[in-house]
Amino acid sequence: MFAAADDAHRTATRTMPAPPVTPLTTRLFRLVLAAVTVVILVAAWYEAEMNPAQLWRDSGNMATLGADFLRPDFTDWDVYVNAMLETLAIAIWGTVLAVIAGIPLGILSAENVAPHWMVFTVRRLMDACRAINELVFALIFIAAVGLGPFAGVLALFIHTTGVVAKLFSEAVEAIDPAPVEGIRGTGGTWLQEVIYGVLPQVMPLWISYALYRFESNVRSATVLGIVGGGGIGMTFNETMRGFLYSQASAILIMVVITVSLLDMVSQRIRKKFI
Amino acid sequence: MAAALQLDRVSKTYGQMRAVENVSLTIQPGERVALIGASGSGKSTLIRLASGLILADRNGSGSGAVHSFGIKVQEGGKLARDVRTARRHIGLVFQQFALSGRLSVLTNVLVGALGRMNALRGTLGLFNADERRTAYAALAEVGIAQHAAKRARELSGGQQQRVAIARALVQGAKLVLADEPIASLDPKSAKRVMDTLVTMSRDYGIALVVSLHQVDYATAYFDRIVAMNAGRIVFDGPASQINAAFLTELYGASAEELILPSQFVVPAPAEAAAPSQTVS
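Just so you know, the sequences run in chain order A and B.
Note that our numbering has the first sequence beginning at 3, numbered continuously upward.
Note that our numbering has the second sequence beginning at -16, numbered continuously upward.
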């Protein structure tokens, strides 16, 4: 048995070509790549003013913070509930407006339905909507309509429109073209082709996307308040600035519970549609 | 009266592939024609050209004009401006049915009325009682009225194909182009669909062009046969002239694909076709 294996080994060494050797250029390239990575990491460390020692030096503060957070204070729970409802309202209207705008924009940015120049134009516009974060839009709209939930709604609306239009158009581009041709064959208009041929096919996916964006928008809406866009984030920001850590903790717990519940419910509903 | 369908030297090229080459064809009102040929012979392309779903080559050797009942569908590689007017009386039946699967059967039939009704009303889906009655009657005629409320995709293939035929009826089509309508159906459903198509054509004087790759169906149901090979029409004449030797001569090696073993045994032809037309 050993002899046989040995034979096989010898045969292999006789007939097999030499194993491949990594060329010198490739090895050099890898070395340079590693060096560049290290340089970037070190430079970013100083740029970000990373200072772990500070966590030790200020350990007293951290302890106070931690202790207060472990004793959540729900005395003003009704205020928080109202603020949370405001956050949900912001997310609802931000999403609804985005979906309403996203339907035509999504169809107009689908290559298989709209003319090329239109697709190009609408897509670039939607790229811009997506590229800028909700928080930045919130700051812009606060300057325009003042502090409060309406600025938050507008911020979510613009950013989400960009996202929803892209998701919607991708669903449209994946449809079966046959039903559309069926409508075209009857002498229907372009809009009728979309309504009777495209929409029935994409509707389940669209509903699912819209619900998913609503989940994300509830999360985003909690943050929007911090820059002044209304809702629970605003309340949270006030408590933190007043060093009311126990109350801040209560608010956070509420946010976590609400967001988790909504995620679960929305996920259930979405599963029904796919 | 103008021809139901008139193709005037139409060509279609896909890259290097000449799918349809310089084809001229005239179909008279009320005429029933089978379009036969092997896979890739250009049957489907010809039907899509006739309905204006694809455009003919701009620089074809001919004018590349397609007219239906005197109304232009396309010419010189451009769709006619009022192509929707031409489409209104052309009913289309596809191999894969081309229904909106999630919409109800009745709605799928109602869209046949879109071309004739007010555009806004059609877009909003506000079909009136009259249109609904017509659609329901059409469903009854093809024998599936009892499924009117179901979603189209819940029906079997043969039933879905009959929904498509009902749609053409509601459209008031004077010409029906059917592209391999029975290719994805079992034999029993296939026969039912062919019977429905031919009966409809006979009862309403609708011109019918059906592409088929089963020669036995073609000879059993149709008087006039148009055979295609490599994008050209190689035969246009009465079904009685089609026989096995002829097919072999016509298609060479690919003839086997066209001649089903059953061809010369079967036709228990539908009442629609005269028995004398089958070849023995």
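Every residue, glycine too, gets a C-beta built ideally from N, C-alpha and C.
These figures come from a predicted structure and were not determined experimentally.
Closest Cβ-Cβ distance between A130 of chain A and chain B: below 8 angstroms? no
In whole angstroms, what separates the C-alpha of G95 of chain B from that of D80 of chain A? 58 angstroms
Of all the options A:P106, A:L72 and A:V165, which has the alpha carbon lying nearest to the alpha carbon of N135 of chain A? Of A:P106, A:L72 and A:V165, the smallest CA-CA separation from N135 of chain A is found for A:V165.
Alpha carbon to alpha carbon, what distance is there between N91 of chain B and D206 of chain B? 31 angstroms
First and last residue of the uninterrupted alpha helix (DSSP H) at T191 of chain A: Run containing T191 of chain A: none; DSSP gives neither H nor E here.
With E240 of chain A as the anchor, note down where its alpha helix (DSSP H) starts and where it stops. I234 to R243
Measuring CA to CA, which of A:G235, A:F76, A:I102 and A:T39 is closest to T163 of chain A? A:I102
What's the C-alpha gap between V229 of chain A and E113 of chain A? 38 angstroms
Candidates B:D(-9), B:Y187 and B:I165: closest to L32 of chain B by CA position: B:D(-9)
Looking only at C-alpha atoms, which of B:K55, B:I165 and B:Y187 sits nearest to A17 of chain B? B:I165
Against chain A, does T106 of chain B count as a neighbour if the rule is that its beta carbon must be under 8 angstroms from one of theirs? yes
R272 of chain A - containing alpha helix (DSSP H), residue span: Here the alpha helix (DSSP H) through R272 of chain A covers Y247 to F275.
Return no unless some Cβ of chain A is closer than 8 angstroms to the Cβ of V3 of chain B. no
Look at the alpha carbon of M18 of chain A and the alpha carbon of L26 of chain A, and state the distance between them as a whole number of angstroms. 23 angstroms
What are the partner residues of S87 of chain B, as DSSP defines its beta bridges? B:R134
In terms of DSSP beta bridges, what is H50 of chain B paired with? Per DSSP, B:Q(-11) and B:K55.
Exposed or buried, P117 of chain A, counting other C-beta atoms within 10 Å across all chains shown (16 or more means buried)? exposed
If the cut is a Cβ gap below 8 angstroms, which residues of chain A does R71 of chain B touch? T188 and G189
Tell me whether F139 of chain A sits in a helix, a strand or coil according to DSSP, three-state version. Helix.
At which residues does the beta strand (DSSP E) containing I148 of chain B begin and terminate? From DSSP, I148 of chain B is part of no beta strand (DSSP E) but of the alpha helix (DSSP H) over G140 to V153.
Does the beta-carbon of S262 of chain A have 16 or more other beta-carbons within 10 angstroms, so that it is buried, or is it exposed? exposed
Taking the Cβ atom as the reference point for each residue, do D162 of chain B and S27 of chain B lie within a distance shorter than 8 angstroms? yes
Grouping DSSP H, G and I as helix and E and B as strand, with all else coil, what is L156 of chain A? helix
Beta-carbon within less than 6 angstroms of V193 of chain B's beta-carbon, same chain only, minus the 5 sequence neighbours each way: which residues are those? So the qualifying residues of the chain are A17 and A161.
Alpha carbon to alpha carbon, how far is D70 of chain A from P54 of chain A? D70 of chain A and P54 of chain A have their C-alpha atoms roughly 23 angstroms apart.
Considering only the beta carbon of each residue, do I189 of chain B and V159 of chain B sit closer than 8 angstroms? yes
Nearest-angstrom Cα separation, counted from G(-2) of chain B out to A20 of chain A: 46 angstroms
May I ask you to list, following chain order, the residues of the region 71 to 86 of chain B that have a beta carbon less than 8 angstroms from some beta carbon of chain C? Protein chains A and B are contained in the structure displayed, whereas chain C is not.
I208 of chain B, buried or exposed, once every other Cβ within 10 Å from all chains shown has been counted against 16: Flag for I208 of chain B reads buried.
Those residues which DSSP pairs with Y(-3) of chain B across a bridge: B:M0
How many angstroms separate the CA atom of G84 of chain B from the CA atom of V124 of chain A? Whole-angstrom Cα-Cα distance: 29 angstroms.
Within a Cβ cutoff of 7 angstroms, which residues of the same chain sit near E175 of chain A, ignoring the five residues on either side of it in sequence? A112, E113 and N114, listed in sequence order.
Distance cutoff 8 angstroms, beta carbons only. Does A102 of chain B sit that close to anything in chain A? yes
Look up P117 of chain A in the DSSP assignment and say whether it is helix, strand or coil. coil
What did DSSP end up calling P22 of chain A once you bin it into helix, strand or coil? coil
Which word fits Q246 of chain B, buried or exposed, when buried means at least 16 other C-beta atoms lie within 10 angstroms of its C-beta? For Q246 of chain B, the predicted structure reports a pLDDT of 46, less than 50, and the residue's modelled location is therefore unreliable. The matter cannot be settled from this model.
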